[in-house]
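Here is the structure we will look at, set down as structure tokens.
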Amino acid sequence: MTYIQTLKPLWDKFIGYTSTISPLVDLGVRLWVANVFYTSGLTKIQTWSSTLSLFENEYAVPLLPPELAAYLGTAAEISLPIFIALGLITRPAAIALFLFNIVAATSYPDVSALGIKDHQVWGLLMLVTIVHGPGKLSLDHWLKTKFFK
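All the letters of the sequence shown, read from the start, carry residue numbers 461 to 609 under this note's numbering.
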């Protein structure tokens with residue numbers, strides 16, 4: 461028996477275990493990213509005058525007037541995470557939030573190195589969701605199996 465033949469059953473078991481927990485990992489990734497952005501959106505609507513002030517004086521959102529950027533940014537942070545958490549139209553929502561994340565990271569001139577790393581991690585997690593999909597614990601998966609067999 462060769463070394464590879466000896467390891468193959470162990471490898472197959474490992475792959476079986478990772479396949480079993482994969483839906484939970486997908487859900488965890490979606491919920492983590494959704495929580496980060498949703499919480500930020502809630503903070504913005506709790507102190508709207510401060511939010512408007514930040515968009516007028518701190519954030520340098522390109523091409524948009526500050527008030528419109530504040531409304532659109534807050535709407536994105538409130539609505540997109542809900543779709544991602546539920547796993548509904550997940551890939552389009554993750555693409556939109558990925559792009560929003562880039563704008564957020566580049567429009568604030570005083571973001572720290574740690575803040576940039578946070579945005580990079582969130583962007584990477586959204587890329588995983590975009591490329592891999594929402595997983596089996598999602599409304600997208602349920603709808604696909606129920607209506608698009």
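Note that the Cβ used here is the ideal one computed from N, Cα and C, for glycine as well.
key: Contact check, Ala529 vs Leu540, beta carbons under 8 Å   = no
ask   = Residue range of the alpha helix (DSSP H) that Lys604 falls in?
value = Leu599 to Phe607
query = Is DSSP giving Lys468 helix, strand or coil here?
reply = Shown here, Lys468 sits in a helix according to DSSP, grouped into three states.
request  = Report yes or no: do the stretch 510-523 and the stretch 461-478 share at least 3 C-beta pairs separated by less than 8 Å?
outcome  = Remark: fewer than three beta-carbon pairs, one from each stretch, lie closer than 8 Å, so the stretch 510-523 and the stretch 461-478 are not flagged as touching.
request  = Can you tell me which of Gly488, Lys596 and Ile590 puts its alpha carbon nearest to the alpha carbon of Phe558?
outcome  = Ile590
ask   = Just the Cα atoms here: how many angstroms apart are Ala556 and Leu467?
value = When rounded, the separation of the alpha-carbon atoms in Ala556 and Leu467 is 43 Å.
ask   = So is Val496 in contact with chain C if we call contact Cβ pairs under 8 Å?
value = The chain labelled as chain C is not found in the depicted structure, where only one protein chain is given.
task = Could I get the ranges of all uninterrupted alpha helix (DSSP H) runs contained in the stretch 528-599, with 4 residues as the minimum, in chain order?
result = 550-567 and 573-592
key: Beta carbon of Leu548 nearer than 8 Å to that of Asp600   = In this structure, Asp600 lies closer than 8 Å to Leu548 by Cβ.
Neighbourhood of Glu516 by C-beta distance below 6 Å, restricted to the same chain and skipping five residues each side = Pro526
inquiry  = Classify Phe594: buried if its beta carbon has 16 or more other beta carbons within 10 angstroms, exposed otherwise.
reply    = Residue identity differs from the one stated: residue 594 is Pro in this sequence, not Phe. The residue in question, Pro594, is buried, as its Cβ has 16 or more Cβ neighbours within 10 Å.
Simplified DSSP state of Glu516, which is helix, strand or coil = helix
task = Report the rounded CA-to-CA distance for Lys504 versus Lys606, giving the unit in angstroms.
result = 38 Å
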